[in-house]
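Novice: Protein sequences appear in the order of chains A and B.
For our numbering, count along the first sequence from 1 and bump the result up by 77.
For our numbering, count along the second sequence from 1 and bump the result up by 77.
After the structure tokens below, expect a handful of questions from me.
2 protein chains.
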Amino acid sequence: MNCEVIAVGTELLLGQIVDTNSSWIGEQLALAGIDSHHQVKVGDNFERMTGVLIQALERSDSVIMCGGLGPTQDDITREVVAAALGVDLVRRDDLVERISAVFGGRGRPMPENNLRQADVPAGAEVMPVMPGTAPGFMISTGDQVVYAVPGVPWEMQQMVSECVLPDLKRRAGITAVIKSRTLRTWGDSESGLAEKLHGELERLDKTGECTIAFLASGMEGLKVRLTAKASSEDAVDEILAGEERIVRGLIGDIVFGVDGETMESAVLDALRSRGWTLALAESLTGGMIGARLTAVPGASDVFRGGLVSYAGDIKFDLLGVPEGPVVSEEAVTAMARGAARLLGADCAIAVTGVAGPDPLDGQEPGTVWMATLVAGEVVAIRVKFPFDRERTRQFTTVSVLNNLRVRILAGR
Amino acid sequence: MNCEVIAVGTELLLGQIVDTNSSWIGEQLALAGIDSHHQVKVGDNFERMTGVLIQALERSDSVIMCGGLGPTQDDITREVVAAALGVDLVRRDDLVERISAVFGGRGRPMPENNLRQADVPAGAEVMPVMPGTAPGFMISTGDQVVYAVPGVPWEMQQMVSECVLPDLKRRAGITAVIKSRTLRTWGDSESGLAEKLHGELERLDKTGECTIAFLASGMEGLKVRLTAKASSEDAVDEILAGEERIVRGLIGDIVFGVDGETMESAVLDALRSRGWTLALAESLTGGMIGARLTAVPGASDVFRGGLVSYAGDIKFDLLGVPEGPVVSEEAVTAMARGAARLLGADCAIAVTGVAGPDPLDGQEPGTVWMATLVAGEVVAIRVKFPFDRERTRQFTTVSVLNNLRVRILAGR
């Protein structure tokens with residue numbers, strides 16, 4: 078079973094919007110065990126849309142059309158599907174009611190145009206979920222099927238998850254459950270991880286019970302994705318849990334989270350579990366570490382605050398940094414102690430360095446001193462990043478958060 | 078003249094990488110006056126790649142294939158183009174030399190595999206620029222042309238800008254120059270802008286000398302893009318400069334920058350022009366304002382630093398905020414004065430509010446007080462954003478930066 082994705086919208090071709098919908102659908106199809114060999118972008122044009130749909134039906138078992146279901150005159154996916162399949166459009170009274178109800182609930186009058194959204198090709202089944210005001214539909218033609226979903230990402234995602242994927246799997250006779258679990262790591266390279274997991278990768282190659290893939294994701298870390306297939310949800314969860322234990326045993330504490338867990342939530346959780354609070358002294362990151370920590374709801378119970386000491390004299394006057402070079406072990410150590418004292422916290426993070434593009438204090442761009450204060454003791458590390466200004470700041474942020482996480486979990 | 082874009086790579090279909098290349102190419106084609114009606118993603122598979130290329134040549138005047146020019150076995154764009162056009166692959170000695178030279182320059186031995194990159198379809202012209210190790214090429218077939226460029230974005234972008242677009246325009250007989258200028262605005266809605274520009278939009282509809290498009294871009298503001306076409310670079314620059322004057326006259330000081338100019342660089346430039354320095358007191362934004370300002374190289378000559386006063390008692394103890402509710406006019410005013418005093422700056426920004434999801438101090442999520450201190454005077458504004466946590470923080474950041482910008486330019 079394979080499925081072609083057609084993303085509709087002139088704004089996609091003009092590059093005004095990047096087509097992230099078909100990427101998302103592609104990933105979901107892969108996880109469901111369905112191949113996607115072609116994905117096409119086409120503008121809001123009747124002939125060309127009809128052309129690509131007919132062509133898709135010549136080479137693919139099923140098609141998801143994404144977009145063009147809105148109320149305006151250039152939203153013509155309904156007309157295109159009807160024409161390609163040689164059926165009429167019919168106005169559905171139940172849809173007129175549902176769409177009117179949405180507008181009623183918002184206390185706004187319904188524009189006449191929105192009634193067009195109640196039209197579907199004859200023989201189509203309307204999708205039972207309708208997160209927005211655009212109904213989606215599916216229509217069979219012989220052994221094949223065409224799905225039409227809106228282009229608004231959250232509307233599309235709900236319809237694909239709840240209607241399209243289950244229907245596709247049923248048609249494909251896929252009874253197996255495929256699931257993924259992503260272990261998020263920081264501090265090793267792809268080749269380093271591959272080396273540590275070499276034996277396990279060879280074992281899995283033989284047993285086939287699970288696959289492991291690496292995804293480098295910049296400051297989000299290097300992701301290790303485990304994917305397994307089994308006859309039931311419980312069975313696949315058990316395989317993934319077992320594999321996670323094996324992998325964690327081999328790569329150790331570089332795993333900072335699973336799936337959606339971020340470095341900042343891992344750090345806040347670690348602090349919370351000890352009942353400790355945190356203060357920051359940021360120089361080259363300019364507030365980035367604090368911004369990331371406070372992106373997590375509930376950060377306030379452990380995060381006290383930070384001082385962005387961008388000017389040198391602020392480091393001297395407020396943090397007690399001794400006069401001298403500000404990109405140094407002495408400076409970063411004093412910054413960490415100063416932040417904890419000034420802001421009244423148990424733990425502290427301090428960073429000072431040269432983001433670039435120009436050198437500073439005779440140090441090359443990319444030179445960074447980062448310090449963590451845990452249990453009264455400061456550990457300072459010097460790193461030389463080979464990156465530009467923004468990536469140097471990003472990697473400093475995540476590296477020092479990871480240093481703190483590892484020390485808190487070790488209790489020292 | 079139209080041009081189809083084929084993005085090659087199984088990782089694109091699986092959603093592991095979002096295809097931003099064809100969006101970028103689409104925008105460049107539009108600006109060059111060339112239509113792009115179809116854009117296709119296909120995996121690293123010989124039959125399917127050949128199939129989509131042949132199909133593209135049936136419906137489009139020209140084709141850009143993007144990706145599949147690397148040294149590994151699944152990089153087969155060279156083979157596919159040769160097969161689709163019915164020609165042989167030939168190994169080019171000059172390319173062998175160029176590729177060897179790149180490796181020599183990096184002091185690394187060249188893997189044997191990389192020699193595959195010296196193969197091109199017979200009759201193809203090698204692109205004169207080669208930013209990485211992958212050569213690009215172009216090959217004519219009758220009136221049509223196929224371009225092959227690497228999938229690495231910066232390599233692709235340089236080849237498309239310097240080789241593909243000029244060649245396409247020459248073939249299309251386009252002697253006109255099309256250019257865009259984007260005015261970046263903050264503080265008005267799309268419908269508000271459309272109303273203010275209504276008369277001008279009508280005038281341009283008649284004269285056709287320029288077009289205006291609005292692009293809502295979240296925390297990057299609402300962009301107003303002017304596009305003009307003329308016979309020479311100078312002539313089109315003159316039209317755009319004239320239109321910019323007219324539009325600025327109608328929408329006023331909500332324009333904070335042009336093209337790549339950001340709000341933070343506009344604020345830093347405004348401060349610099351007055352010789353003033355800046356300090357911050359951030360609560361709900363947690364460091365985001367500082368992080369944005371320090372993303373700009375050279376920020377250090379005007380940006381002194383900031384205090385992230387996340388915990389209430391830090392506001393009281395270090396910034397002199399009077400005991401009482403911390404989401405209030407009194408608190409934000411004291412924070413701004415306290416930051417300027419503590420960090421020794423001429424101007425200050427302070428923000429305090431409820432990012433959500435929970436209420437705070439009896440105030441609803443989205444409630445934000447923001448203050449600016451300029452020329453000794455604090456102006457505080459209360460806003461109620463209808464957003465989630467992250468967007469509330471983002472819009473607070475840009476809004477207060479814009480408030481400061483407008484006050485500095487007004488000198489009060």
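C-beta atoms are modelled at their ideal positions from N, C-alpha and C, and glycine is treated no differently.
What is the rounded straight-line gap between the Cα of residue 141(A) and the Cα of residue 117(A)?
Specialist: Walking along the first sequence from the start, residue 141(A) turns up at place 64. Walking along the first sequence from the start, residue 117(A) turns up at place 40. Their Cα atoms are separated by approximately 10 Å.
Novice: If we cut at 7 Å on Cβ distances, does residue 391(B) have a partner in chain A?
Specialist: In the second sequence, residue 391(B) corresponds to position 314, counting from 1. Chain A, which has a Cβ nearer than 7 Å to the Cβ of residue 391(B), makes this yes.
Novice: Let me know the beta strand (DSSP E) ranges lying completely inside the region 134-164 of chain A, each 3 residues or longer, listed in chain order.
Specialist: Within the region 134-164 of chain A, the complete beta strand (DSSP E) runs of at least 3 residues are 139-143.
Novice: Mapping DSSP to helix, strand and coil, what is residue 426(A)?
Specialist: Locating residue 426(A) in the first sequence gives position 349, counting from the first residue. Reduced to three states, the DSSP call for residue 426(A) is strand.
Novice: Can you list the residues of chain B that residue 386(A) reaches, using a CB-CB cut of under 7 Å?
Specialist: On the first sequence, residue 386(A) is found 309 positions in, with the first residue counted as 1. Residues of chain B passing the Cβ test: 382.
Novice: Return the residue from the list 274(B), 411(B), 154(B) that minimises the CA-CA distance to residue 324(B).
Specialist: The residue given as residue 324(B) occupies position 247 in the second sequence. The candidate whose alpha carbon is nearest that of residue 324(B) is 274(B).
Novice: Check residue 478(A) in the structure and name its three-state DSSP category.
Specialist: Taking the first residue of the first sequence as position 1, residue 478(A) is located at position 401. It is helical.
Novice: Hey, out of 487(A), 177(A), 476(A), whose CA is closest to residue 264(A)'s CA?
Specialist: Along the first sequence, read from residue 1 onward, the residue named residue 264(A) stands at position 187. When only C-alpha atoms are compared, the closest one is 476(A).
Novice: Taking contact to mean 3 or more Cβ pairs, one atom from each stretch, closer than 8 Å, check whether the region 99-109 of chain B and the region 88-102 of chain A are in contact.
Specialist: Touching, per the Cβ criterion.
Novice: Label residue 418(A) either buried or exposed according to how many other C-beta atoms from any shown protein chain fall within 10 Å of its C-beta, with 16 as the threshold for buried.
Specialist: Residue 418(A) sits at position 341 when you count from the first residue of the first sequence. Label assigned to residue 418(A): exposed.
Novice: By alpha-carbon positions, which one of 298(B), 159(B), 377(B), 467(B) ends up nearest to residue 391(A)?
Specialist: On the first sequence, position 314 is the one that residue 391(A) refers to. With distances taken between Cα atoms, residue 391(A) lies closest to 377(B).
Novice: So which residues on chain B does residue 97(A) lean against when the C-beta distance must stay under 8 Å?
Specialist: Residue numbering aside, residue 97(A) sits at position 20 when the first sequence is read from its first letter. Residues of chain B passing the Cβ test: 95.
Novice: Pull up the distance between the alpha-carbon of residue 410(B) and that of residue 457(B), whole angstroms please.
Specialist: Start at 1 with the first residue of the second sequence, and residue 410(B) comes out as number 333. Start at 1 with the first residue of the second sequence, and residue 457(B) comes out as number 380. If I take the Cα positions, the gap works out to 7 Å.
Novice: Any idea if residue 309(B) is buried or exposed, counting beta-carbon neighbours within 10 angstroms, 16 or more meaning buried?
Specialist: Locating residue 309(B) in the second sequence gives position 232, where the first residue counts as 1. Under this definition residue 309(B) is an exposed residue.
Novice: For residue 359(A), which residues in chain B fall below 8 Å Cβ to Cβ?
Specialist: Taking the first sequence and counting its residues from 1, the one referred to as residue 359(A) is at position 282. What residue 359(A) touches in chain B: 364, 367.
Novice: If you draw a straight line from the alpha carbon of residue 114(B) to that of residue 371(B), how long is it in whole angstroms?
Specialist: The residue given as residue 114(B) occupies position 37 in the second sequence. The residue given as residue 371(B) occupies position 294 in the second sequence. If you take the alpha carbons of residue 114(B) and residue 371(B), they lie about 41 Å apart.
Novice: Can you tell me which of 451(B), 279(B), 123(B), 119(B) puts its alpha carbon nearest to the alpha carbon of residue 354(B)?
Specialist: The residue given as residue 354(B) occupies position 277 in the second sequence. The residue with the shortest Cα to Cα distance from residue 354(B) is 451(B).
Novice: May I ask which residues mark the beginning and end of the beta strand (DSSP E) holding residue 115(A)?
Specialist: Translated into the one-based positions of the first sequence, residue 115(A) becomes position 38. Taken as a continuous stretch (DSSP letters only), the beta strand (DSSP E) holding residue 115(A) covers 115-119.
Novice: As an exercise, report each continuous alpha helix (DSSP H) stretch of at least 4 residues that is fully enclosed by the region 281-336 of chain A, in chain order.
Specialist: Whole alpha helix (DSSP H) segments, 4+ residues: 310-328.
Novice: Closer than 9 Å between beta carbons: that is the criterion. Which residues of the region 101-129 of chain B meet it against chain A?
Specialist: Against chain A - using a Cβ distance shorter than 9 Å - the residues of the region 101-129 of chain B are 101, 102, 103, 104, 105, 106, 107, 112, 113, 114, 115, 116, 117, 118, 119, 120, 122, 125, 128, 129.
Novice: Taking the straight line between their C-alpha atoms, what separation do you get for residue 432(B) and residue 481(B)?
Specialist: For the purposes of this step, residue 432(B) is identified with residue 355 of the second sequence, where counting begins at 1. For the purposes of this step, residue 481(B) is identified with residue 404 of the second sequence, where counting begins at 1. Rounded to the nearest angstrom, the two C-alpha atoms are 21 Å apart.
Novice: Determine, using beta-carbon pairs with one atom in the region 139-158 of chain A and one in the region 167-175 of chain A, whether at least three such pairs fall under 8 Å.
Specialist: Result no; under three Cβ-Cβ pairs closer than 8 Å.
Novice: Using a Cβ cut-off of 7 Å (strictly closer), state whether residue 355(B) contacts chain A.
Specialist: Taking the second sequence and counting its residues from 1, one reaches residue 355(B) at position 278. No - not a single Cβ of chain A is within 7 Å of the one on residue 355(B).
Novice: Any beta carbon from chain A within less than 7 Å of residue 374(B)'s own beta carbon?
Specialist: Within the second sequence, residue 374(B) is the residue found at index 297, counting from 1. So yes, residue 374(B) belongs to the interface.
Novice: Under a Cβ-count criterion, where at least 16 other Cβ atoms within 10 Å of its own Cβ denotes burial, should residue 494(A) be classed as buried or exposed?
Specialist: Chain A is shown only over 78 to 489; residue 494(A) falls outside these bounds and no answer can be derived.
Novice: When the Cα atoms are used, what is the spatial distance from residue 203(A) to residue 436(B)?
Specialist: Counting from one through the first sequence, the residue named residue 203(A) turns up at place 126. Counting from one through the second sequence, the residue named residue 436(B) turns up at place 359. Computed Cα separation, rounded: 40 Å.
Novice: For residue 434(B) and chain A, any beta-carbon pair shorter than 7 Å?
Specialist: Position 357 of the second sequence, counted from the start, is the residue given in the question as residue 434(B). Cβ-Cβ to chain A under 7 Å: yes for residue 434(B).
Novice: Would you mind reading off the limits of the beta strand (DSSP E) that contains residue 444(B)?
Specialist: Sequence index remark: in the second sequence, residue 444(B) carries index 367 (1-based). From DSSP, the beta strand (DSSP E) with residue 444(B) extends over 444-451.
Novice: Given that residue 342(B) touches chain A, what residues does it touch there, using C-beta distances under 7 Å?
Specialist: Here residue 342(B) is taken as the residue at index 265 of the second sequence, counted from 1. Those within 7 Å of residue 342(B) in chain A number zero; the least Cβ separation is about 13 Å.
Novice: Just by C-beta distance, which residues in the region 257-285 of chain B are closer than 7 Å to chain A?
Specialist: Under the 7 Å Cβ criterion, the region 257-285 of chain B contributes no residue.
Novice: Is the CB of residue 371(B) under 7 Å away from at least one CB in chain A?
Specialist: Locating residue 371(B) in the second sequence gives position 294, where the first residue counts as 1. It does: the Cβ of residue 371(B) has a partner Cβ on chain A nearer than 7 Å.
Novice: Give the range of the beta strand (DSSP E) segment to which residue 247(B) is assigned.
Specialist: Position 170 of the second sequence holds residue 247(B). No beta strand (DSSP E) holds residue 247(B); the alpha helix (DSSP H) holding it covers 242-249.
Novice: Distance cutoff 7 Å, beta carbons only. Does residue 405(A) sit that close to anything in chain B?
Specialist: Within the first sequence, the letter at position 328 stands for residue 405(A). False, the Cβ-Cβ gap to chain B never drops below 7 Å.
Novice: Could you check what DSSP says for residue 380(A) in three-state terms: helix, strand or coil?
Specialist: Counted from its first residue, the first sequence places residue 380(A) at position 303. In the structure shown, residue 380(A) sits in a strand (DSSP, three-state: E or B).
Novice: Whose Cβ in chain A lies nearer than 8 Å to the Cβ of residue 467(B)?
Specialist: As a first step, residue 467(B) must be located in the second sequence, where it is residue number 390. Those within 8 Å of residue 467(B) in chain A are 372.
Novice: Looking at the strands, I want to know which residues DSSP matches up with residue 218(B).
Specialist: For this step, residue 218(B) is matched to residue 141 along the second sequence. DSSP output for residue 218(B) lists 221(B) as bridge partner(s).
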